[in-house]
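Take a look at the structure below.
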Amino acid sequence: MFLRNRWTCLAALAVLCLSGCLSVETVITLNPDGSGEVALSADLDRATEEQRAQIRKRSEDTNMTLPLGEAELKEACPAPHFEIIERKEDTEALKFQAKIAFKDINRLLTDKTLRMLGLKGFDFKVDGDDIVFSLKEEPEDRQMGFVPENAAPPTRRIRVVNAKTKKTVEFYQEISQKAKLADWTGRLAMKGHTIKRTAVRNNFADYPVVKLTDAKIIEAHWNIRKGFMGRSCLSMGVDVALPATDNMTYVSWSEPALLEGGYLPDAPARLPERSRDRNGEFNSKFQSVPAGYFRLPLELVISPRPVKGTTPVKVRLKALRGTGTQRWEIGTVKPNTEYTAGPLKIKTDPLKDNELAFDIEGPAEQYKGAVYRSARGNEFALKEGWRSRMGRGRATMQYEALFPLNKGTIILETFRKTEYCWLDIEIPALDFSESKNKIEAAAPPWKQRLRKELPEAFETPVPGLDDDVFAGEGEMKAFVRRVPDNLLASALIQMAAHEKMELQAWNWRRYDALFTATMRKRKGYLDAENKTVARHLFVLFGALPEEHCTNAAYLINNLRLRPFVRKEALEQVKKGNHRFARRSFFRGPLTTDERDALKGAFHTVSDAMQADGILDMLCDGDDADLKLAQEVLRNKAQDPLVRTSALHAVLRQKKDYPFELVLPYLMEEAMRTNTLMATHNWLAAYLRRESPDEDELKNLREAAEPLMSLLKDFGEQIRKFPSSRNHAKEIVTMIETDKPPK
Numbered sequence: 033m034f035l036r037n038r039w040t041c042l043a044a045l046a047v048l049c050l051s052g053c054l055s056v057e058t059v060i061t062l063n064p065d066g067s068g069e070v071a072l073s074a075d076l077d078r079a080t081e082e083q084r085a086q087i088r089k090r091s092e093d094t095n096m097t098l099p100l101g102e103a104e105l106k107e108a109c110p111a112p113h114f115e116i117i118e119r120k121e122d123t124e125a126l127k128f129q130a131k132i133a134f135k136d137i138n139r140l141l142t143d144k145t146l147r148m149l150g151l152k153g154f155d156f157k158v159d160g161d162d163i164v165f166s167l168k169e170e171p172e173d174r175q176m177g178f179v180p181e182n183a184a185p186p187t188r189r190i191r192v193v194n195a196k197t198k199k200t201v202e203f204y205q206e207i208s209q210k211a212k213l214a215d216w217t218g219r220l221a222m223k224g225h226t227i228k229r230t231a232v233r234n235n236f237a238d239y240p241v242v243k244l245t246d247a248k249i250i251e252a253h254w255n256i257r258k259g260f261m262g263r264s265c266l267s268m269g270v271d272v273a274l275p276a277t278d279n280m281t282y283v284s285w286s287e288p289a290l291l292e293g294g295y296l297p298d299a300p301a302r303l304p305e306r307s308r309d310r311n312g313e314f315n316s317k318f319q320s321v322p323a324g325y326f327r328l329p330l331e332l333v334i335s336p337r338p339v340k341g342t343t344p345v346k347v348r349l350k351a352l353r354g355t356g357t358q359r360w361e362i363g364t365v366k367p368n369t370e371y372t373a374g375p376l377k378i379k380t381d382p383l384k385d386n387e388l389a390f391d392i393e394g395p396a397e398q399y400k401g402a403v404y405r406s407a408r409g410n411e412f413a414l415k416e417g418w419r420s421r422m423g424r425g426r427a428t429m430q431y432e433a434l435f436p437l438n439k440g441t442i443i444l445e446t447f448r449k450t451e452y453c454w455l456d457i458e459i460p461a462l463d464f465s466e467s468k469n470k471i472e473a474a475a476p477p478w479k480q481r482l483r484k485e486l487p488e489a490f491e492t493p494v495p496g497l498d499d500d501v502f503a504g505e506g507e508m509k510a511f512v513r514r515v516p517d518n519l520l521a522s523a524l525i526q527m528a529a530h531e532k533m534e535l536q537a538w539n540w541r542r543y544d545a546l547f548t549a550t551m552r553k554r555k556g557y558l559d560a561e562n563k564t565v566a567r568h569l570f571v572l573f574g575a576l577p578e579e580h581c582t583n584a585a586y587l588i589n590n591l592r593l594r595p596f597v598r599k600e601a602l603e604q605v606k607k608g609n610h611r612f613a614r615r616s617f618f619r620g621p622l623t624t625d626e627r628d629a630l631k632g633a634f635h636t637v638s639d640a641m642q643a644d645g646i647l648d649m650l651c652d653g654d655d656a657d658l659k660l661a662q663e664v665l666r667n668k669a670q671d672p673l674v675r676t677s678a679l680h681a682v683l684r685q686k687k688d689y690p691f692e693l694v695l696p697y698l699m700e701e702a703m704r705t706n707t708l709m710a711t712h713n714w715l716a717a718y719l720r721r722e723s724p725d726e727d728e729l730k731n732l733r734e735a736a737e738p739l740m741s742l743l744k745d746f747g748e749q750i751r752k753f754p755s756s757r758n759h760a761k762e763i764v765t766m767i768e769t770d771k772p773p774k
């Protein structure tokens, strides 16, 4: 039996309970002023002895959350709106109980609280002296799973009790695939009550609130989803300034909630249901984020009515932050061994060649990370593979072991103190009009855009352009050769827009090569019509889907048509169309205007590959922007790919020994491999090119001395890092022998 969207804290346990042995009961005792108590119970004592043994065994697993865990109750029923009066847990008898006081019955009806209390679909309305309760289960909430033959089905019961008169209304259901969908109404007399039905979106715990106003929308687009993947939405990437703090580290965020905002003119917005479980880390995993910011992915469900834009949106995130660091040395780690790290108890799993995994018990949110100390005394932060934080103060951690675990010491780090707070983020309004923003409610297909912007390319059909052209490379090549000069520019567009071209992606790999070869052979035609061909390809580049637009860029580059579109590409970049910020349009020395536009694009693009390409243009040649390269290199929030390009740009200009420069980046696991490669290449080129004398070699060895023990440690990295290991060994050899590699 598997309960979905019913009682979240029971889900993992219910998977084990494959017979109908589970009974869930929720009793709401209601006062006339709308306050009251909720009594919850989950009873599994109808399980067979074999099932009971299996459940008890699994309940000892760190990854198992038993019903009515204290942490889960506090999350779903937070103070000051609720008070947990009682919680009982009998794992031997498989009985779990809790009693919770509430100040306002409307607080029971927020999404997370409903799920915790087993009240999904529950609601009420006021009818004079009566309170009319209802429970309606939509088809998508129907229980899934099975109950074996001859087993009693699981049950749930909901009762609402008038605290003054003790009168009761009740809902009862046996849960199975054959059961009817719930559609229940119960009328409870509450004479003299003062209860009102009000809308409450969220129950926020009494955490400190930090207000953040510096938020910038970097990207936004309509994300049309079909089928079971969920509702269509407006997807936004928002860069948000990190809170200013002197001694506090912001670790992670979770549980986004919409406080204010909607679509214009009058359509309220909401977050998709799946957003409630979204979480992220600060300064991690998101690409090309400026220093001091983090990237927040945000989605708003699309309004069914036409909209003109959004009002300013306010979003609240739950943030974990910690202060201070404590270190706990556990020595050479051993498998299946228990350790103590301050408030935490650690138990290691069986060790593997390149993996360290352990379970944590205690205040798991205080856990910060793990460090490996080599026999030479160097310390390296272990690379986190994954973590899973569970209820009841438990977590599981897994690390990639970069070095032999039996040759070093493991040090665990914890925060001295952690706390949760709310981050309130104010996100600017969006205008969907084309003149102010490229977001359109119903963007036309790219083929329609081609016909609109290049009507002349479709005026005359190109003879022979039919399905047979796309049968193979020979047919495509023969067709392109047959096209007369006066239709060659039109053929570029009509062929790209053909249905067979779109459906068979491998055709695009031939497209640019065939037209490049053909037009080079017809040099006279190309010289006479270069502006027309350039315009056609430029419009095609802007219209094509992202996965194919590069083919048009290759043609512009290969046919040397860049001078005819460079000005237009600059205008597009200035308008925020960062697709055009690429070397295909801006090869060679850049003007001041181009530099400014590309630099602006670099700071706003979200794709690391594109940011890397823009940085490469800005840091190339005699006018290399080394100040930008150094800023990027120091910014740990930037993607390692982009930072590596910045490192290469700085090293290209460095004439003396770069060892002091590269030292900080050798200590970063994400940058280590590429930094070793860049250092190796610089040193090999220096020894080959400079022919240094003995004094220069002595200076080189002295400059490299602080790195030697590190490099020797890197040379011992285990099997997963052969390239990094080999580069480290060769750097040591070059420094010791004064000779470049053969």
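Here our numbering is used: position 258 in the sequence shown is 290, and no number is missing along the way.
All C-beta atoms, glycine included, are put in the ideal place defined by N, C-alpha and C.
Next item on the list: Return the CA-CA distance between G218 and K196, expressed in angstroms with no decimal places.
Entry: In the sequence shown, the residue the question calls residue 218 occupies position 186. In the sequence shown, the residue the question calls residue 196 occupies position 164. Answer to the nearest angstrom: the Cα atoms are 18 Å apart.
Checklist line | Residues bridged to V201 (per DSSP) | finding: Translated into the one-based positions of the sequence shown, residue 201 becomes position 169. Note: V201 sits in a beta bridge opposite V192.
Check: Under three-state DSSP, which class holds S307?
Finding: As a first step, residue 307 must be located in the sequence shown, where it is residue number 275. S307 falls in the helix class under three-state DSSP.
Notebook entry, point to check: Between the beta-carbon of E458 and the beta-carbon of K350, is there less than 8 Å?
Noted result: Position 426 of the sequence shown, counting from 1, holds the residue named residue 458. Position 318 of the sequence shown, counting from 1, holds the residue named residue 350. No, the pair does not count as a contact, with Cβ atoms beyond the cut-off.
Next item on the list: Kindly give me the distance between the Cβ atoms of L383 and Y431, rounded to whole angstroms, as I take these residues to be in contact under 8 Å.
Entry: One-based indexing of the sequence shown puts residue 383 at position 351. One-based indexing of the sequence shown puts residue 431 at position 399. Not a contact, Cβ separation roughly 11 Å.
Check: Can R541 be considered in contact with the ligand MN, in the sense that its beta carbon sits closer than 7 Å to one or more heavy atoms?
Finding: No copy of the ligand MN occurs in the structure displayed, which carries no ligand at all.
Checklist line | Close-in-space but distant-in-sequence residues of the same chain around K415 (CB under 8 Å, 5 per side omitted) | finding: Within the sequence shown, numbered from 1, the residue matching residue 415 stands at position 383. So the qualifying residues of the chain are Y431, E432, L434 and E701.
Next item on the list: Closer than 6 Å by C-beta to Y371: which residues in its own chain qualify, once you throw out the five before and the five after it? Chain order, please.
Entry: On the sequence shown, position 339 is the one that residue 371 refers to. Taken in chain order, the residues that qualify are I362 and I378.
Checklist line | Nearest-angstrom beta carbon gap, V664 and S640 [assumed within contact, 8 Å] | finding: Along the sequence shown, one-based indexing puts residue 640 at 608. Along the sequence shown, one-based indexing puts residue 664 at 632. For the sequence presented, residue 640 should be read as Ala rather than Ser. Wrong, their Cβ atoms sit about 12 Å apart, outside the cutoff.
Checklist line | Contact set for T343: own chain, Cβ-Cβ below 6 Å, skip 5 residues either direction | finding: Position 311 of the sequence shown, counting from 1, holds the residue named residue 343. Within the same chain, T343 has close Cβ partners G293, G294 and A461.
Next item on the list: Give the straight-line distance between the Cα atoms of F612 and A289, rounded to the nearest whole angstrom.
Entry: For the purposes of this step, residue 612 is taken as the residue at position 580 of the sequence shown. For the purposes of this step, residue 289 is taken as the residue at position 257 of the sequence shown. Taking the straight line joining both Cα atoms gives about 35 Å.
Item checked: Inter-residue Cα distance where the pair is P696 and S267 -> Within the sequence shown, residue 696 is the residue found at index 664, counting from 1. Within the sequence shown, residue 267 is the residue found at index 235, counting from 1. Each residue's alpha carbon lies about 36 Å from the other.
Margin query: Quick check: K744 and R405, are their CB atoms within less than 8 Å of each other?
Written below: Stepping through the sequence shown from its first residue, residue 744 is reached at position 712. Stepping through the sequence shown from its first residue, residue 405 is reached at position 373. Against a cut-off of 8 Å, the Cβ pair of R405 and K744 comes out as no contact.
Check: Taking just the CA atoms, how far does D238 sit from H253?
Finding: One-based indexing of the sequence shown puts residue 253 at position 221. One-based indexing of the sequence shown puts residue 238 at position 206. Near 35 Å, if we compare the C-alpha coordinates of D238 and H253.
Check: For the putative contact between K248 and L296, defined by C-beta atoms under 8 Å, what is the C-beta separation to the nearest angstrom?
Finding: For the purposes of this step, residue 248 is taken as residue 216 along the sequence shown, with counting starting at 1. For the purposes of this step, residue 296 is taken as residue 264 along the sequence shown, with counting starting at 1. Not a contact, Cβ separation roughly 20 Å.
Item checked: Whole alpha helix (DSSP H) elements within the segment 472-518, 4-residue minimum -> 478-485 and 505-514
Margin query: Please state the DSSP three-state secondary structure of V321.
Written below: On the sequence shown, position 289 is the one that residue 321 refers to. Reduced to three states, the DSSP call for V321 is coil.
Notebook entry, point to check: Got a sec, what are the start and stop residues for the alpha helix (DSSP H) F1 sits in?
Noted result: Because the chain spans 33 through 774 in this model, residue 1 falls outside it and cannot be assessed.
Checklist line | Cβ-Cβ distance between G269 and I250 below 8 Å | finding: By 1-based counting over the sequence shown, the position of residue 269 is 237. By 1-based counting over the sequence shown, the position of residue 250 is 218. Yes; because the gap between Cβ atoms is below 8 Å, this pair is in contact.
Next item on the list: Note down the Cα distance separating A276 from G324, rounded to an integer number of angstroms.
Entry: Against the sequence shown, residue 276 aligns to sequence position 244. Against the sequence shown, residue 324 aligns to sequence position 292. For A276 and G324, the distance between alpha carbons rounds to 9 Å.
Notebook entry, point to check: For the segment 568-588 against the segment 516-527, are there 3 or more C-beta pairs whose distance is under 8 Å?
Noted result: yes
Notebook entry, point to check: Excluding the five sequence neighbours on either side, which residues of its own chain have a C-beta within less than 6 Å of the C-beta of V512, listed in chain order?
Noted result: As a working note, residue 512 is residue 480 in the sequence shown. Excluding sequence neighbours, V512 sits near L546 and T550.
Next item on the list: Keeping to the same chain, check which residues put their C-beta closer than 7 Å to that of R619; ignore five residues upstream and five downstream.
Entry: Sequence index remark: in the sequence shown, residue 619 carries index 587 (1-based). If we look at R619 and ignore the five residues flanking it on each side, its Cβ neighbours are R594.
Next item on the list: Have a look at C265, L332 and D309 and flag the residue whose alpha-carbon is nearest the alpha-carbon of L291.
Entry: Taking the first residue of the sequence shown as position 1, residue 291 is located at position 259. When each option's Cα is compared against that of L291, the closest is L332.
Checklist line | Extent of the continuous beta strand (DSSP E) to which N589 belongs | finding: Start at 1 with the first residue of the sequence shown, and residue 589 comes out as number 557. That residue, N589, is in no beta strand (DSSP E); its alpha helix (DSSP H) goes C581 to N590.
Check: Hey, quick one: how far does the beta strand (DSSP E) through E458 stretch, first residue to last?
Finding: Along the sequence shown, one-based indexing puts residue 458 at 426. Its beta strand (DSSP E) spans residues T441 to I459.
Item checked: Within 8 Å, strictly: CB atoms of G354 and T450 -> Counted from its first residue, the sequence shown places residue 354 at position 322. Counted from its first residue, the sequence shown places residue 450 at position 418. Going by C-beta atoms, G354 is nearer than 8 Å to T450.
Next item on the list: Per DSSP, which residues does R419 bridge with? Please list them.
Entry: Counting from one through the sequence shown, the residue named residue 419 turns up at place 387. M429, per the DSSP bridge assignment.
Note to self: Using only CA atoms, which one of E737, E313, I763 and N235 lies nearest to A716?
What the structure shows: As a first step, residue 716 is located in the sequence shown; it is residue number 684 there, counting from the start. Nearest of E737, E313, I763 and N235 to A716, Cα basis: I763.
Next item on the list: Could you check the C-alpha separation between T187 and D136 for me, to the nearest Å?
Entry: The residue given as residue 187 occupies position 155 in the sequence shown. The residue given as residue 136 occupies position 104 in the sequence shown. When rounded, the distance between both Cα atoms is 28 Å.
Notebook entry, point to check: In three-state DSSP terms, what is H680?
Noted result: Against the sequence shown, residue 680 aligns to sequence position 648. In the structure shown, H680 sits in a helix (DSSP, three-state: H, G or I).
Check: Where P773 and M766 are concerned, what is the direct C-alpha to C-alpha distance, given to the nearest angstrom?
Finding: Counted from its first residue, the sequence shown places residue 773 at position 741. Counted from its first residue, the sequence shown places residue 766 at position 734. Computed Cα separation, rounded: 7 Å.
Margin query: DSSP has E393 in a bridge; who is on the other side?
Written below: What you label residue 393 is simply residue 361 of the sequence shown in a count that begins at 1. Answer is K377 and R426.
Next item on the list: Pull up the distance between the alpha-carbon of R592 and that of E728, whole angstroms please.
Entry: To locate residue 592, count along the sequence shown from 1; it is residue 560. To locate residue 728, count along the sequence shown from 1; it is residue 696. Roughly 46 Å separates the two Cα atoms.
Next item on the list: Out of V565, C581 and L622, point me to the one whose CA is closest to V597's CA.
Entry: Translated into positions along the sequence shown, residue 597 becomes position 565. Closest option to V597, Cα to Cα, is V565.
Notebook entry, point to check: How many whole angstroms separate the CB atoms of A133 and E104, which I take to be in contact at a CB cut-off of 8 Å?
Noted result: What you label residue 133 is simply residue 101 of the sequence shown in a count that begins at 1. What you label residue 104 is simply residue 72 of the sequence shown in a count that begins at 1. Actually they are not in contact, since the Cβ atoms of A133 and E104 sit about 17 Å apart, beyond 8 Å.
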